[in-house]
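Taken in order, the sequence shown gives residues 1 to 275; the numbers are from the numbering used here. Yeah, the Cβ is synthetic: ideal placement off N, Cα and C, and Gly gets one too. Owing to the predicted nature of the structure, the values given are computational and were not obtained by experimental measurement. The block underneath contains the structure these notes are about, expressed in structure tokens.
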Amino acid sequence: MVLGGVVSVQFGGALAAMLIARIGAAGTVSLRLALAVPILLLIARPSLRKRTGRDLLAVIAFGIVLGLMNLTFYLSLERLPLGVAVTIEFIGPLGLAAIMSRRRRDFIAAGAAAVGVVLVNGHELAEVDWLGVAFAAAAGVLWACYILLSAETGRRFAQLDGLALSIVVATAVTLPIGFATAGFSELLHWHTLLVGLSIAVLSSVLPYSLETLALRTMRPAVFGILMSLEPAVGATAGYLILNQLLTPVQLAGMACVVGASITITRTSRSEAPDI
């Protein structure tokens with residue numbers, strides 16, 4: 001389920017990069033989330049009856065993090081190639097897994113991943129788009145928070161109820177920004193809506209549903225590492241759809257990140273109980 005979500009979200013991200021050129025990052029992410037709402041509500045049909053204040057607080061927090069995570073990542077796509085942005089963002093779940101593991105080997109692996117992120121930028125320091133890097137790094141921190149909050153929401157709500165409600169919150173956070181930056185006419189154009197619907201299915205409905213279900217039976221540390229193919233899949237999607245070819249140095253940096261993920265995966269698997 002997790003690997004299926006990886007492939008889906010990265011190819012959805014490649015389509016999103018194309019739409020960003022037309023309606024901007026905020027417009028793209030708000031449209032994607034808004035179009036995902038009716039689909040998820042129809043599938044999940046969530047109910048708020050007998051819900052505690054803590055249940056609602058978990059959903060609201062998850063939704064806010066979900067909206068901001070997507071917004072910052074899409075802002076990074078305005079300035080960085082897809083594979084580079086995904087690799088930088090991946091430091092978030094990788095760092096989470098290393099912290100939760102607390103083994104020296106995993107902290108060393110996290111350091112190697114940090115070196116990989118430096119290499120994947122592939123430019124002299126003066127040429128690096130630091131704002132793009134900052135957006136991707138912020139998305140990574142929010143991604144780590146997303147993993148923890150998704151697990152908590154999944155424990156409190158049955159099936160996809162918590163996810164569907166969280167997407168509503170995320171849409172409420174991002175949609176006003178999307179309309180303010182892209183305008184009503186651009187967001188509601190038939191071609192924009194068609195592409196946005198494809199992105200909603202690939203980047204929201206499928207991956208978030210699969211991840212939410214997986215996190216019910218999987219430790220957050222293990223989940224964070226099973227996402228280790230994100231940079232490679234992102235680079236592949238960027239090349240196939242956006243014609244973004246990475247240099248050998250950037251590919252070497254990506255290999256450092258993936259290698260660090262594999263190292264921590266072994267530790268996580270050896271510690272994880274049988275399910």
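Practice prompt. Starting from G4, trace the alpha helix (DSSP H) both ways and give me its first and last residue.
Written response: Your numbering for residue 4 matches position 4 in the sequence shown. Run containing G4: 2-44, per the alpha helix (DSSP H) assignment.
Worksheet item: Can you round the beta-carbon distance between S203 and G83 to whole angstroms, since I take them to be within the 8 Å contact cut?
Response: Counted from its first residue, the sequence shown places residue 203 at position 203. Counted from its first residue, the sequence shown places residue 83 at position 83. So it is not a contact: roughly 16 Å between Cβ atoms.
Worksheet item: Considering only the beta carbon of each residue, do G24 and A182 sit closer than 7 Å?
Response: As a first step, residue 24 must be located in the sequence shown, where it is residue number 24. As a first step, residue 182 must be located in the sequence shown, where it is residue number 182. Yes; because the gap between Cβ atoms is below 7 Å, this pair is in contact.
Worksheet item: Ordered along the chain, which non-local residues of its own chain (more than five positions away) have a Cβ less than 6 Å from that of A109?
Response: Stepping through the sequence shown from its first residue, residue 109 is reached at position 109. Correct list, in chain order: A260, T263, I264.
Item to complete: Grab me the residues of V195's own chain with a C-beta within less than 7 Å of its C-beta, minus the 5 sequence neighbours each way, in chain order.
Response: For the purposes of this step, residue 195 is taken as residue 195 along the sequence shown, with counting starting at 1. The residues are L15, L19.
Discussion item. Give me, in chain order, the residues of the same chain whose beta-carbon lies closer than 7 Å to that of L35; leave out the 5 immediate sequence neighbours on both sides.
Written reply: Here residue 35 refers to the residue found at position 35 of the sequence shown. Result list for L35: G196, L197, A200, in chain order.
Discussion item. Classify P93: buried if its beta carbon has 16 or more other beta carbons within 10 angstroms, exposed otherwise.
Written reply: On the sequence shown, residue 93 is found 93 positions in, with the first residue counted as 1. Classification for P93: buried.
Worksheet item: Could you give the distance in angstroms between the alpha-carbon of G95 and the alpha-carbon of A158?
Response: If you number the sequence shown from 1, residue 95 lands on position 95. If you number the sequence shown from 1, residue 158 lands on position 158. Computed Cα separation, rounded: 29 Å.
Practice prompt. Count the other C-beta atoms from every protein chain shown that fall within 10 angstroms of the C-beta of G53, then say buried if there are 16 or more, exposed otherwise.
Written response: Walking along the sequence shown from the start, residue 53 turns up at place 53. Classification of G53: exposed, given that the 10 Å Cβ count is below 16.
Worksheet item: Going by C-alpha distance, which of L242, H191, V205 is nearest E78?
Response: Within the sequence shown, numbered from 1, the residue matching residue 78 stands at position 78. Selected option, being the one with the closest Cα: L242.
Fill in: C-beta contact flag for T46 and A235 at 7 Å
Against the sequence shown, residue 46 aligns to sequence position 46. Against the sequence shown, residue 235 aligns to sequence position 235. The sequence as given places Pro at residue 46; Thr does not occur at that position. No, the Cβ-Cβ distance between P46 and A235 is not below 7 Å.
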